[in-house]
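K.L.:
One structure is given below, represented as structure tokens, and several questions about it will come after.
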Amino acid sequence: MDARLNAFLERADAFLSRLEPLLPATRQVIDWDRCLAARWQREGRTGFLLPLEVSLDMRLSDLIGVDKQREQLARNTRQFIDGLPANHALLWGSRGTGKSSLVRALLAEHAGAGLRLIEIERDHLADLPRVVEQLTKLPQRFVLFCDDLSFESGEGDYRVLKSVLDGSLEQAPDNVLLYATSNRRHLVPEKESDNENWKRVDGELHPSEAVEDKIALSDRFGLWLSFYPFTQEHYLSVVEHWIGELARKAGLAWQRDAELDVQAVRWATGRGNRNGRCAYQFARYWVGLKLLEQAP
41 MDARLNAFLE RADAFLSRLE PLLPATRQVI DWDRCLAARW QREGRTGFLL
91 PLEVSLDMRL SDLIGVDKQR EQLARNTRQF IDGLPANHAL LWGSRGTGKS
141 SLVRALLAEH AGAGLRLIEI ERDHLADLPR VVEQLTKLPQ RFVLFCDDLS
191 FESGEGDYRV LKSVLDGSLE QAPDNVLLYA TSNRRHLVPE KESDNENWKR
241 VDGELHPSEA VEDKIALSDR FGLWLSFYPF TQEHYLSVVE HWIGELARKA
291 GLAWQRDAEL DVQAVRWATG RGNRNGRCAY QFARYWVGLK LLEQAP
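For the sequence shown, our numbering gives the first residue as 41, with consecutive numbering after it.
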């Protein structure tokens with residue numbers, strides 16, 4: 041009897057050893073007093089909040105040339121933190137112009153006041169009710185952040201998302217707000233054919249159902265902030281700012297001159313864009329080059 045029992049226990053132990061890697065790991069409850077940000081991670085049919093280590097180096101003052109957008113979103117966020125009515129926000133416009141950086145700078149600005157950031161991918165937005173459920177009744181204030189929320193031609197997911205946003209946002213607790221960025225104002229491609237069925241009734245223009253359907257998605261956001269391509273002057277101002285920041289940390293003495301401006305413009309021209317991301321990349325290149333030249 042003992043021999044058979046031991047053989048059974050050995051087989052059971054071997055089976056459990058093979059089964060254990062397939063089971064979901066035990067997730068610890070996030071300590072939001074210490075954790076400033078998390079990402080919603082899909083796992084099978086459900087998901088969990090994965091704590092993130094975030095850098096708080098980005099400041100609101102680092103965002104040059106977007107003063108109006110910065111002021112509006114900062115004011116909306118302060119209202120939210122203070123428990124006052126605030127709007128879900130859509131930041132749309134040209135790539136590399138500071139949309140995502142603005143949201144992360146707000147976390148750095150208000151983390152001490154209880155603001156927390158949760159990143160959620162576009163493909164996981166159907167899980168919004170599950171995410172919101174975990175945040176209800178917590179003392180912190182949570183911004184759900186969806187970066188690059190857009191849909192390609194032919195995708196019908198935006199209709200599903202529209203209904204999810206309706207239910208999730210209308211029933212969201214007071215400590216949850218949604219901020220999203222997109223390169224498109226209405227999140228989906230706008231075709232010339234969408235405008236072929238506009239009607240004029242008693243002197244008023246009435247859009248087609250296709251247009252109404254697409255606009256309805258972005259209407260879920262009460263605050264729209266537009267970000268436009270940089271002028272050359274704006275671009276060079278951002279270059280000057282970032283070179284100043286990086287040079288100061290490295291102890292590098294420098295001075296802006298015409299040759300530096302020419303190099304910066306050539307850098308942007310070679311990449312086909314002129315924006316804040318490009319300015320930051322050039323600043324890193326230029327400061328690194330100067331430090332390398334000074335090295336023994």
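By construction, the Cβ of each residue, glycine as well, lies at the ideal position given by its N, Cα and C atoms.
For residue 137, count the other beta carbons within 10 Å of its own beta carbon; 16 or more makes it buried, fewer makes it exposed. Which is it?
P.N.:
Position 97 of the sequence shown, counted from the first residue, corresponds to residue 137. Residue 137 should be labelled buried.
K.L.:
Could you tell me how far apart the beta carbons of residue 184 and residue 158 are, in whole angstroms, since I believe they sit closer than 8 angstroms?
P.N.:
Here residue 184 corresponds to residue number 144 of the sequence shown, with the count starting at 1. Here residue 158 corresponds to residue number 118 of the sequence shown, with the count starting at 1. Correct: roughly 5 angstroms between the Cβ atoms.
K.L.:
Within its chain, find whatever has a CB closer than 8 angstroms to the CB of residue 325; leave out the 5 residues flanking it on each side and keep chain order.
P.N.:
On the sequence shown, position 285 is the one that residue 325 refers to. Same-chain partners within the cutoff: 307.
K.L.:
Does the contact criterion of 3 or more C-beta pairs under 8 angstroms hold for the stretch 268-288 versus the stretch 107-115?
P.N.:
Contact fails: fewer than three Cβ-Cβ distances are below 8 angstroms.
K.L.:
Rounded to the nearest angstrom, what separates residue 128 and residue 176 at their Cα positions?
P.N.:
Locating residue 128 in the sequence shown gives position 88, counting from the first residue. Locating residue 176 in the sequence shown gives position 136, counting from the first residue. For residue 128 and residue 176, the distance between alpha carbons rounds to 17 angstroms.
K.L.:
Distance check for residue 139 and residue 345, CA to CA, integer angstroms please.
P.N.:
Missing from the structure shown is residue 345; the chain here goes from 41 to 336 and no further.
K.L.:
Assuming residue 261 and residue 215 make a contact with CB atoms under 8 angstroms, what is their CB distance in whole Å?
P.N.:
In the sequence shown, residue 261 corresponds to position 221, counting from 1. In the sequence shown, residue 215 corresponds to position 175, counting from 1. Actually they do not touch by this definition, with Cβ atoms about 18 angstroms apart.
K.L.:
Tell me the residue span of the alpha helix (DSSP H) that contains residue 28.
P.N.:
What the structure shows of the chain is the stretch from 41 to 336, and residue 28 is not part of that stretch, so it cannot be assessed.
K.L.:
So what's residue 133 in DSSP terms, helix, strand or just coil?
P.N.:
By 1-based counting over the sequence shown, the position of residue 133 is 93. Strand, per DSSP.
K.L.:
Please check the pair residue 408 and residue 190, which I expect to be a contact at CB under 8 angstroms, by giving their CB distance rounded to whole angstroms.
P.N.:
Lying outside 41 to 336, the shown extent of the chain, residue 408 is not represented and no answer is given.
K.L.:
What's the call for residue 83, buried or exposed, on a 16-neighbour Cβ count within 10 Å?
P.N.:
Translated into positions along the sequence shown, residue 83 becomes position 43. With fewer than 16 Cβ atoms within 10 Å of its Cβ, residue 83 is classed as exposed.
K.L.:
So what does DSSP say about residue 325, is it helix, strand or coil?
P.N.:
Locating residue 325 in the sequence shown gives position 285, where the first residue counts as 1. In this structure, residue 325 counts as helix in the three-state DSSP scheme.
K.L.:
Considering only their Cβ atoms, is the gap separating residue 304 from residue 275 smaller than 9 angstroms?
P.N.:
Position 235 of the sequence shown holds residue 275. Position 264 of the sequence shown holds residue 304. Yes, the Cβ-Cβ distance between residue 275 and residue 304 is below 9 angstroms.
K.L.:
Do you know how far the Cα of residue 90 is from the Cα of residue 180?
P.N.:
Here residue 180 refers to the residue found at position 140 of the sequence shown. Here residue 90 refers to the residue found at position 50 of the sequence shown. Their backbone Cα atoms lie some 17 angstroms apart in a straight line.
K.L.:
Please name the residue in 317, 165, 160 and 218 whose C-alpha comes closest to that of residue 92.
P.N.:
Residue mapping note: residue 92 aligns to position 52 of the sequence shown, counting from 1. Among 317, 165, 160 and 218, the Cα nearest to that of residue 92 is on 160.
K.L.:
For residue 314 and residue 134, I'd like the C-alpha separation in whole angstroms.
P.N.:
Mapped onto the sequence shown, residue 314 falls at position 274. Mapped onto the sequence shown, residue 134 falls at position 94. Those two C-alpha atoms are separated by around 10 angstroms.
K.L.:
With which residues is residue 23 paired in a DSSP beta bridge?
P.N.:
Because the chain is modelled from 41 through 336, residue 23 falls outside the range shown and cannot be assessed.
K.L.:
Can you tell me which of 103, 152, 120 and 86 puts its alpha carbon nearest to the alpha carbon of residue 76?
P.N.:
On the sequence shown, position 36 is the one that residue 76 refers to. Nearest option by C-alpha distance: 152.
K.L.:
For residue 165 and residue 122, what's the separation of their Cα atoms in angstroms?
P.N.:
Against the sequence shown, residue 165 aligns to sequence position 125. Against the sequence shown, residue 122 aligns to sequence position 82. Whole-angstrom Cα-Cα distance: 26 angstroms.
K.L.:
Could you give the residue range of the alpha helix (DSSP H) that holds residue 264?
P.N.:
For the purposes of this step, residue 264 is taken as residue 224 along the sequence shown, with counting starting at 1. Segment 263-267 is the beta strand (DSSP E) holding residue 264; no alpha helix (DSSP H) there.
K.L.:
Considering just the uninterrupted stretch of the beta strand (DSSP E) at residue 216, what are its terminal residues?
P.N.:
By 1-based counting over the sequence shown, the position of residue 216 is 176. 216-222 is the extent of the beta strand (DSSP E) around residue 216.
K.L.:
Out of 125, 104, 126 and 272, point me to the one whose CA is closest to residue 145's CA.
P.N.:
One-based indexing of the sequence shown puts residue 145 at position 105. Residue 104 is the option with its Cα nearest to residue 145.
K.L.:
Measuring only the C-alpha atoms, how far is residue 119 from residue 336?
P.N.:
Locating residue 119 in the sequence shown gives position 79, where the first residue counts as 1. Locating residue 336 in the sequence shown gives position 296, where the first residue counts as 1. Those two C-alpha atoms are separated by around 53 angstroms.
K.L.:
Work out the CA separation of residue 332 and residue 115 for me, nearest whole Å.
P.N.:
Position 75 of the sequence shown, counting from 1, holds the residue named residue 115. Position 292 of the sequence shown, counting from 1, holds the residue named residue 332. Rounded to whole angstroms, residue 115 to residue 332 spans 42 angstroms at the Cα level.
K.L.:
Nearest-angstrom Cα distance between residue 327 and residue 283?
P.N.:
Your numbering for residue 327 matches position 287 in the sequence shown. Your numbering for residue 283 matches position 243 in the sequence shown. Distance between the alpha carbons of residue 327 and residue 283: 7 angstroms.
K.L.:
On the DSSP letters alone, give me the boundaries of the alpha helix (DSSP H) that residue 121 sits inside.
P.N.:
Mapped onto the sequence shown, residue 121 falls at position 81. Start and end: 107-121.
K.L.:
From what residue to what residue does the beta strand (DSSP E) around residue 183 run?
P.N.:
In the sequence shown, the residue the question calls residue 183 occupies position 143. Its beta strand (DSSP E) spans residues 181-186.
K.L.:
Do the CB positions of residue 132 and residue 277 come within less than 9 angstroms of each other?
P.N.:
The sequence position of residue 132 within the sequence shown is 92, counting from 1. The sequence position of residue 277 within the sequence shown is 237, counting from 1. No.
K.L.:
Who does residue 158 pair with in a DSSP beta bridge?
P.N.:
As a position in the sequence shown, residue 158 is number 118, starting the count at 1. Paired residue(s): 78 and 184.
K.L.:
To the nearest angstrom, report how far apart residue 310 and residue 323 are at their CA atoms.
P.N.:
On the sequence shown, residue 310 is found 270 positions in, with the first residue counted as 1. On the sequence shown, residue 323 is found 283 positions in, with the first residue counted as 1. For residue 310 and residue 323, the distance between alpha carbons rounds to 15 angstroms.
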